[in-house]
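S.K.: Protein chains in written order, with the numbering used here: chain A, 1 to 112; chain B, 113 to 364; chain C, 365 to 630; chain D, 631 to 1229. For glycine and all other residues, C-beta sits at the position ideal for the given N, C-alpha and C.
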Amino acid sequence: MSDAHDAQAVKAAVRKYLIIFGALIVGTIVTVLVSFVHFGEEGSNTINILVALAIASVKAFLVAGYFMHLISERKMIYGILLATVFFFAGLMYLTVWSMEPVNLVHIKADVP
Amino acid sequence: MEKLLGLPVLASEHGQHVDQLIWYVHLLMGALFVGWLAYFLLVLFKFRASRSPKADYIGAQTHATTWVEVGVAAVEAGLLIIIAVPFWSKLVDNFPKETEAVVVKVAAQQFAWNFRYTGPDGEFGKQDIKLVSASNSYGMVQDDPAGQDDIQTLNEMRVPLNKSVVLHITSRDVIHSFKVAAFRLTQDAIPGMMIPTHFKATKTGRYQIICAQLCGNGHYGMASGFVYVDTEEDYNNWIQSKIGGGGATSFE
Amino acid sequence: MEIPYTAKIRPDTGLYNAKLGIWLFLASEIMLFGALFSSYILLRVGAEPGTWPQGLLNVPLGTFNTLVLICSSVTVVLGWAALKMNQFNKYRIYQGITILCALIFMVVKSFEYHDKFVHYFVRLNDGTEMNGHIEGNPMFMTLAKLKQQNKAEFVFHPDAPKADHKEEGNAGVAHATMTIQTADVRKLESWGPWHNTFLAIYFTLTALHALHVIGGALVIFMIWGPLAGMWKTDPERYTNRVEVSGLFWHFVDLVWIFLFPVLYLL
Amino acid sequence: MQPKTHDTKHHDAHAPDHHELGFWQKYVFSTDHKVIGVQYGVTALIFMFFGFLLMMAMRWQIAYPGQPMPLVGGLLESILGDVASGGVMSSDLYNAFGAMHGTVMVFLAIVPLAFGAFGNLIIPLQIGAPDMAFPRLNMVSYQSYVVGGVIMMVSFFIPGGAAQAGWTSYSPLATLIPTDGQTYWLIGMIFLITSSLLGSVNVLATIIQLRAPGMNWMRLPFFVWAQFVTAFLLLLAFPPLEAAGVMQLMDKVFHTSFFLPTGLAVGGEFADISGGGSPLLWQHLFWFLGHPEVYVLILPALGIVCEILANNTRKPIWGYKSLVYSALLIGFLSFIVWAHHMYLTGMGSKISTFFQTTTMIISIPSVIILTCYFITLWGGSIRFNTPMLFALAFLPMFGIGGLTGLPLGFNFSDLHLHDSYYVIAHFHYVVAPGTIFALFAGIYYWFPKMTGRMMSEGLGKIHFWLSLLFMNLIFQPMFMQGMAGMSRRMADGGANYSQAVVGEGATLTDTIMHLNTTISWAAWGLALAQIPFIWNFFWSIRSGKKIESDNPWNATTLEWQTPTPPPHGNFVGPIEVHRGPYEYSVPGRSTDFTPQNEK
Ligand code: HEA
Ligand code: HEA
Ligand code: CUA
Ligand SMILES: [Cu+2]
């Protein structure tokens, strides 16, 4: 495994890791700065949430993709993660959907 | 068919459709069960080792089973589309107009049922959560005029015959469940939520309210609540007799 | 018979056992944190409009901790790369930094927790509500404890009302030290998880995350120190161990990448 | 540490064989999958028996509410104190026993037995692996299970007793009951969940990585497939419950309000909590596990039945591929049907339509699996030995349980049946004469593999016929009670409800009430019917008939192609697989079975 060819590849990878490191730091700082700016309509912070989550997702992609080598991982792992993501999405989406007021017949009881 | 299945008396309008659905599903189940069981016993007899010493590598070559499976799926789909979905929508989406119905607020507590009627003005009095206390369990705002004629009862709910009744169900402490078997109606009473449901009684009488959700050590004894289905006249008399007892609390 | 593929890769799956194992484990971790995130969303969406507290947390400290974790993530992967290139000493240094980062993270976190535990909410019998600190900065003080200790009064430093952020409850209260009679107090509680739903989910999520940090750091430390002898006997398996513990560590970092904006900024 | 008691027994049983490993390494901290499997099995059987004991006590209270319990009443009073004063079971105690019966049966008995024991014992052998992929993790998984179990047991003896809010632990009730039982329950659950997670990682890695050469996916015995899907369910469905458990623990211990809404008035007093939580959130997270969990209970059973059917019909399983795809489909769909347990929590029509549609869809693969089993019987040469009897009885019993899931799956009929004894009967038919029968079948079937001795056929048949009779006597009447409107979780068996009304509108008629007594006597009969089994089990370990070959059932799968009991490392030489799992009665062969490793 650790033959000469491999070592070459690893050396190249190290450069990549450092670049990503930089990107992650920048990402963090941007997230913080952006949080002080208010986007969209007054009283709604939907856009702010989306922006913050978008940056976080990019960062997550970088960590998972490169530090965790997911980009070049095997089919089996993709399969497992795909299933997980699917079920997670199901849990999140269906639960949130089930509890959305428009989908429920009940209202919040202000008084017992 | 009620007798055959052992269902309790039926006293509500939508209940007949509940019974229908239960009946049809059981027909499907019965057909499947009897059919397969007959096959099963036959095969056990026919292919027992002493009678059939050598097994057949290939076994059955049949597509009949696919049709059974498709059939089951089709019947399930049918029941879903024809009965279950439309009638559920009717129950939860198509509420009768509250002006034309009797509206009752139901609040469960360990281990009793509280009911509240609007009284003649057709309006519930204001309530405020901060006012809830042992002596004012509904948190009634004392000087709200709409609240003066509200009627509160404990463990006694009266409804007129053949008139839509809309219930707003909630709970004060833990989750209970408002079930009246004769109405084929069950609805969880969940604290923090006001859940509406409705029914139309079709038979006068006195029906027991069952608490169908484990709610503590008194759950089994949460049995003193009743729904009385009265004639329109009796019902109105009762309402009249209750007004005046107005703002009095029903707690304890 | 030995168990196959503990170090070697199985040709048809392209994996060695531990790597598959850790990914499976991470899948379950995704569901664990995913469920908590879903709960957070539900509680937040379900909160009465305007009651969800914002800006309760210290953003600079949070940012600093984020950078610390990112840093540790890089050193983990660099350490692994060093092993791949047969540079054991370099690996030792990198992973050493990782462990250090974990320590720094935990120390900073404990300061943040402490901040909350000495911060109080008071409601007086006349309905006045205030937030602030009790003189002497005791942690977890409660009304019952005060009474137990026979303290008839205590000195209270209310928070300064913030200029732009709407602070919970203390609008209009003067920023001055005051003495409060214990008898006047109806409710006294520190800003622990019990104080409101936000703090509840904040403490739950970050404490669970912190447990992962501690666990991960311990494993990395064990491989780095006490178990390092394996590098001599079975370098391939040793490198795999470093990789696997690294995968876990990256995941911990990943969780924080989401926790930080969600809890601190939004 | 904890597992000592029963391991001593085990040690006795195996006393003759000597090894350089000491007692502790060999039996308590063993990393051999077979030993761990046996540990799991024996522990789980004991818990199962305990769960049954709880239920027998409850059945007394249901049949004769308020009367002191004979024999055990005094004992309970002296151990548990006030909750059983005068030997009468209080409703607190009834609720505690009920919650713990559910918990013990599901999490401490069936899952560890079906997944922990059978999974551990059989999977590596059937795929031709020397052990599980992570032996040490395997050991930790077992230990974590024992710790969880001990915590659950200890909770009976703390002041106030064990958890009382049902195995579903709905908040706010679970949170508001002032005693600590629920806290113990939650901590215990966290250990049990950890155990299951480690176990499932192990099983998945083993199946994916350690298959012998030639053992490709479509040559796996269906049992292995069933365990594979089960492991995935555990892996991905349990963590949300763990999250929920942590949150409920926070509610209980740190007085947060994850599941408590604003404005609770407990006992008429406005509760001083921060509020803002949601009781429904708990239900969603619980049932997100809860539903996959029921398939965790049934899939291994389906797997066991498949092995035994093929072996005792002496022919290949009909439709192997559709079995595999159905199992995968069940696994997949089981994650998106959970809210059928919540139809009556105030759902609108869109959501309930979605969930009842998925519920109906998921019944189809079950129908397919059963159909495959039925068709397999056609053209066989059926041997009626004890394992086969249990496996055969499983089919109609699971059939009844499964079919009665349908009326529950339609929200409109659930309106009447929800939380009634109909539900109790539904799921007991699937888990008791269903899963438990399959597990009995598995025990009788694989017993010679582990001990080198057969269990007695005669006693086995007595056990079978009596169990079949009593199981049906117990659970069939419950359908009638449920239909008539009897609610579950009634500490007096519904007496209050039946007495309160006379005449028209009476909820429960006398006939329905009398069934309570019938059921209870049948339950005690069922207990007696287990005596031949327990005797058979322990007696046969030492004195059962010795098997003549390593393959007493003339089976094809790999576990029978090793020495008995298998040595550490399982197989003597390298093993290679050449054919599918169920090559029975292959034309042109001299024997009616062709093992997988035979060319
Ligand atoms: C192993 C466990 C198990 C299994 C397999 C199932 C299987 C199914 N369950 Fe069940 N269920 C439980 C365990 C299980 N369940 C438990 C424990 C509860 C209660 C929890 C609680 O509240 O405490 C419950 C509750 C429950 C409810 C909630 C009821 C309520 O609370 O109101 C519902 C509603 O949809 C439901 C539906 C179903 C359906 C549609 C299936 C389907 O998957 C069934 C599919 C199977 C078939 C359709 C059978 C096919 C067979 C044939 C066609 C041949 C038959 C003939 C012969 C053999 C002769 N179940
Ligand atoms: C896997 C799950 C499982 C199993 C197997 C069982 C098995 C049984 N259950 Fe239970 N039950 C539940 C899960 C289970 N149950 C759940 C989840 C609930 C709901 C709880 C709640 O409301 O929260 C419940 C509730 C429940 C109730 C309703 C209580 C109520 O609502 O008030 C009743 C009533 O009769 C009941 C009865 C029985 C009976 C008679 C058996 C019998 O079939 C038991 C048969 C057992 C055996 C035959 C044991 C054999 C064991 C051995 C022989 C051991 C041998 C040992 C060695 C060899 C070492 N159960
Ligand atoms: Cu109220 Cu049960
Ligand atoms: Cu279900």
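#1: Assuming leucine 630 (chain C) contacts isoleucine 49 (chain A) (C-beta within less than 8 Å), just tell me the rounded distance between them.
#2: Taking the alpha-carbon positions, what's the leucine 122 (chain B) to leucine 866 (chain D) distance?
#3: Is there a C-beta anywhere in chain D that falls below 8 Å from the one on arginine 374 (chain C)?
#4: So with CB distances below 9 Å, who are the chain B contacts of proline 1037 (chain D)?
#5: What is the DSSP secondary structure of glutamine 325 (chain B), reduced to helix, strand or coil?
#6: Would you decide whether glutamate 607 (chain C) is buried or exposed? Buried here means 16 or more other CB atoms lie within 10 Å of its CB.
#7: Run through chain F and tell me which residues come within less than 8 Å of histidine 971 (chain D), C-beta to C-beta.
#8: For glutamine 418 (chain C), name the three-state secondary structure that DSSP assigns.
#9: Residues in the same chain with beta-carbon distance under 7 Å from glycine 844 (chain D), minus the five sequence neighbours each way, listed in chain order, please.
#10: Look at the Cβ atom of threonine 989 (chain D), then the Cβ atom of glycine 1064 (chain D), and state whether they are nearer than 8 Å.
#11: Applying the 10 Å Cβ sphere with the 16-neighbour rule, what's the burial state of isoleucine 1054 (chain D)?
#12: With DSSP collapsed to three states, give me the class of phenylalanine 612 (chain C).
#13: Identify the contact partners of isoleucine 966 (chain D) in chain A, using a Cβ-Cβ distance below 8 Å as the criterion.
#14: Compute the minimum distance between the beta carbon of phenylalanine 290 (chain B) and the heavy atoms of ligand 3, and state whether it is under 7 Å.
#15: Taking the straight line between their C-alpha atoms, what separation do you get for histidine 1046 (chain D) and methionine 269 (chain B)?
#16: Have a look at D:Gly696, D:Ala687, D:Pro698 and flag the residue whose alpha-carbon is nearest the alpha-carbon of glycine 728 (chain D).
#17: Using a Cβ-Cβ cut-off of less than 7 Å, give me the residues of the segment 438 to 449 of chain C that come near chain A, in sequence order.
#18: Where do the N-terminal and C-terminal ends of the alpha helix (DSSP H) with tyrosine 775 (chain D) fall, by residue?
#19: Give the straight-line distance between the Cα atoms of leucine 723 (chain D) and glycine 791 (chain D), rounded to the nearest whole angstrom.
#20: 8 Å is my cut-off, CB to CB: does tryptophan 558 (chain C) come that close to chain D?
#21: Taking its Cβ as the centre, do 16 or more other Cβ atoms sit within 10 Å of glutamine 254 (chain B), making it buried, or is it exposed?
#22: Sort D:Leu890, D:Met880, D:Ile966 by Cα distance to histidine 921 (chain D) and report the nearest one.
#23: Quick one: does the C-beta of proline 909 (chain D) sit closer than 7 Å to a heavy atom of ligand 1?
#24: Would you mind stating whether serine 830 (chain D) and alanine 861 (chain D) have Cβ atoms separated by less than 8 Å?
#25: Can the beta-carbon of phenylalanine 159 (chain B) be found closer than 8 Å to that of serine 1011 (chain D)?
#26: For valine 271 (chain B), does the three-state DSSP call read helix, strand or coil?
#27: For leucine 149 (chain B) and methionine 877 (chain D), what's the separation of their Cα atoms in angstroms?
#28: Within the chosen definition, does the segment 548 to 561 of chain C reach the segment 449 to 460 of chain C through at least 3 CB pairs nearer than 8 Å?
#29: Ligand 4 and valine 616 (chain C): does the residue's C-beta get closer than 7 Å to at least one heavy atom of that ligand?
#30: Is the Cβ of methionine 68 (chain A) closer than 8 Å to any Cβ of chain D?
#31: If we ignore side chains and look at the alpha-carbon of each, how far apart do aspartate 240 (chain B) and leucine 1156 (chain D) end up?
#32: Spatial neighbours of glutamine 545 (chain C) within its chain, please: C-beta separation below 8 Å, excluding the five flanking residues on both sides.
#33: Can you list, in chain order, the residues of its chain with a C-beta nearer than 6 Å to that of serine 904 (chain D)? Leave out the 5 residues immediately preceding and following it.
#34: Is the segment 922 to 929 of chain D touching the segment 882 to 897 of chain D in the sense that three or more CB pairs, one from each, lie closer than 8 Å?
#35: I believe threonine 1139 (chain D) touches alanine 1114 (chain D) by the beta-carbon criterion, under 8 Å. Please report the beta-carbon distance rounded to the nearest angstrom.
#36: Quickly, what does DSSP pair tyrosine 229 (chain B) with across the bridge? List them, please.
M.R.: Concretely, from the data shown:
#1: In this structure, leucine 630 (chain C) and isoleucine 49 (chain A) form a Cβ contact; the two beta carbons are roughly 5 Å apart against a cut-off of 8 Å.
#2: 44 Å
#3: yes
#4: Leu133, Ile134, Val137, His138, Met141
#5: Of the three classes helix, strand and coil, the one that applies to glutamine 325 (chain B) here is coil, per DSSP.
#6: buried
#7: Any reference to chain F falls outside this structure, whose protein chains are A, B, C and D.
#8: coil
#9: Glu1206, Val1207, His1208
#10: For the 8 Å CB-CB criterion, threonine 989 (chain D) and glycine 1064 (chain D) do not form a contact.
#11: buried
#12: helix
#13: Per Cβ cutoff of 8 Å: Gly90, Leu94.
#14: no
#15: Distance between histidine 1046 (chain D) and methionine 269 (chain B), taken at the CA atoms: about 20 Å.
#16: D:Ala687
#17: Val438, Val441, Leu442, Ala445, Lys448, Met449
#18: 765 to 784
#19: In this model, leucine 723 (chain D) and glycine 791 (chain D) are separated by some 8 Å (Cα to Cα).
#20: yes
#21: Exposed is the call here.
#22: D:Ile966
#23: For ligand 1, not one heavy atom lies less than 7 Å from the Cβ of proline 909 (chain D).
#24: yes
#25: In this structure, serine 1011 (chain D) lies closer than 8 Å to phenylalanine 159 (chain B) by Cβ.
#26: It is a strand residue.
#27: 47 Å
#28: no
#29: no
#30: no
#31: 56 Å
#32: Ala516, Glu517
#33: Taken in chain order, the residues that qualify are Ser887.
#34: no
#35: With 8 Å as the limit, threonine 1139 (chain D) and alanine 1114 (chain D) qualify as a contact, their Cβ atoms being about 7 Å apart.
#36: B:Val216, B:Ile263
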